[in-house]
Amino acid sequence: MRRILIILLLTIVFGCGGKKEPLPDAQTIVNKSIEASGGALYQSSEISFTFREREYRAYREAGKRVLMRLTETDTARIEDLLSGSSFERRIDGKLQSLPDSTRMSLAEAVNSVHYFAYLPKGLNDAAVNKTYLGQEKIGDSEYHKIQVTFDQEGGGTDFEDVFVYWFNAQTYHPDYLAYQYNTNGGGKRFREAFNPRRVGGIRFVDYRNYKYSGPLPVSELDSLFLKDELEFLSLIELEDIAVIPDNYN
Numbered sequence: 008m009r010r011i012l013i014i015l016l017l018t019i020v021f022g023c024g025g026k027k028e029p030l031p032d033a034q035t036i037v038n039k040s041i042e043a044s045g046g047a048l049y050q051s052s053e054i055s056f057t058f059r060e061r062e063y064r065a066y067r068e069a070g071k072r073v074l075m076r077l078t079e080t081d082t083a084r085i086e087d088l089l090s091g092s093s094f095e096r097r098i099d100g101k102l103q104s105l106p107d108s109t110r111m112s113l114a115e116a117v118n119s120v121h122y123f124a125y126l127p128k129g130l131n132d133a134a135v136n137k138t139y140l141g142q143e144k145i146g147d148s149e150y151h152k153i154q155v156t157f158d159q160e161g162g163g164t165d166f167e168d169v170f171v172y173w174f175n176a177q178t179y180h181p182d183y184l185a186y187q188y189n190t191n192g193g194g195k196r197f198r199e200a201f202n203p204r205r206v207g208g209i210r211f212v213d214y215r216n217y218k219y220s221g222p223l224p225v226s227e228l229d230s231l232f233l234k235d236e237l238e239f240l241s242l243i244e245l246e247d248i249a250v251i252p253d254n255y256n
């Protein structure tokens, strides 16, 4: 009887010791991040801003979300308009005929600026896959590290890109991100958010943009950032931000 009790006790002890806490859910963290950064206001508002002397607007027209880039020169007004997979360029109001390669390149350029401006909004798109990588400490804060990849279907021409986000464990804001891209020879970038502000209830940030050319995966670039071993590349700054209610909703 005594032997049976000992065996049962050991089973309980080792059984409890081997039980692991479940990993935090990546989807839940992203949901909290979107809610903390603007939530439904992303979809129910018209947003405009200036980036590198070009005006960008996100608005709804005929029930569809339109991403616009406006370039004004001394001689022309150039409007690039992206709605879903449809892209068109108008110069002084006249629709332009473009080769497929040019149209795709322009569409990606417009989408990229809007994508980064509204993060973390786009992280719940249908083609996005999220994987929890663990918890890291950067400075005095703890962060959830989440990797994002994309399905080929619906993931755009850059579906093979890999992103990693560091979400503050207290605020759920994505204070850091890194990504590996394959276009134009490919590369790796690490971005540090700064200058957070809220306009019309939506949180916007600017970024310090760093470059890395070595073999480490983008998920490990936070370690190089902490050691000041990344090459500073540029500042990503949004100006003249405006958010107004979308009257089409």
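Numbering of the sequence shown is given in the numbering used here, commencing with residue 8 and proceeding in unit increments.
Virtual Cβ for every residue (Gly too), placed ideally from N, Cα, C.
Using the three-state DSSP reduction, which class does residue i fall into: helix, strand or coil?
| i | result |
| --- | --- |
| R210 | strand |
| V20 | With a pLDDT of 41 at V20, under the threshold of 50, the modelled position of this residue cannot be trusted; read the value that follows with caution. V20: helix per DSSP, three-state reduction. |
| S241 | strand |
| D182 | strand |
| S220 | coil |
| K195 | strand |
| Q34 | helix |
| E62 | strand |
| S230 | helix |
| D235 | coil |
| S51 | coil |
I need the straight-line Cα distance from residue i to residue j, nearest angstrom please.
| i | j | result |
| --- | --- | --- |
| G46 | D99 | 36 Å |
| G194 | A200 | 20 Å |
| N175 | A69 | 38 Å |
| R61 | L237 | 28 Å |
| E246 | T35 | 31 Å |
| D158 | N131 | 13 Å |
| Q50 | N38 | 15 Å |
| P181 | F211 | 11 Å |
| R110 | F123 | 20 Å |
| D291 | T82 | Past the boundaries of the shown model lies residue 291; the chain is included only from 8 to 256, so the question cannot be answered. |
| E244 | E86 | 21 Å |
| V20 | P29 | Reliability fails at V20, whose pLDDT of 41 lies under 50, so the model's placement of it is uncertain and the value that follows must be treated cautiously. Answer to the nearest angstrom: the Cα atoms are 19 Å apart. |
| G129 | T80 | 31 Å |
| T190 | T57 | 25 Å |
| R59 | V250 | 19 Å |
| L231 | I248 | 32 Å |
| F239 | P252 | 37 Å |
| K71 | Y125 | 17 Å |
| S108 | T78 | 20 Å |
| D168 | D147 | 30 Å |
| D235 | G221 | 14 Å |
Assuming residue i contacts residue j under a Cβ cut-off of 8 Å, what Cβ separation, rounded to an integer in Å, is found between them?
| i | j | result |
| --- | --- | --- |
| A134 | E160 | 7 Å |
| S93 | G207 | With a Cβ gap of about 27 Å, S93 and G207 do not count as contacting. |
| E143 | D229 | 6 Å |
| N216 | S241 | 5 Å |
| R76 | V117 | 5 Å |
| V120 | Y63 | 6 Å |
| I209 | L48 | 5 Å |
Would residue i pass as a contact of residue j if the rule is Cβ separation under 9 Å?
| i | j | result |
| --- | --- | --- |
| A43 | T138 | no |
| S40 | P127 | yes |
| F166 | Y186 | no |
| Y183 | R198 | yes |
| S90 | L74 | yes |
| V155 | Y179 | no |
| R97 | L113 | no |
| G31 | H151 | The sequence as given places Pro at residue 31; Gly does not occur at that position. Yes, the Cβ-Cβ distance between P31 and H151 is below 9 Å. |
| Y219 | R196 | yes |
| L233 | I153 | no |
| L140 | S226 | yes |
Kindly say whether residue i, judged by its beta-carbon, lies nearer than 9 Å to any beta-carbon of chain C.
| i | result |
| --- | --- |
| P106 | Although the question refers to chain C, the structure presented lacks it and comprises just one protein chain. |
**OP:** For the region 67-104, list the beta strand (DSSP E) runs that are entirely contained and at least 3 residues long, ordered along the chain.
**Re:** Correct list: 71-79, 84-90, 93-98.
**OP:** Could I get the ranges of all uninterrupted beta strand (DSSP E) runs contained in the region 115-180, with 3 residues as the minimum, in chain order?
**Re:** 135-145, 148-157, 169-175
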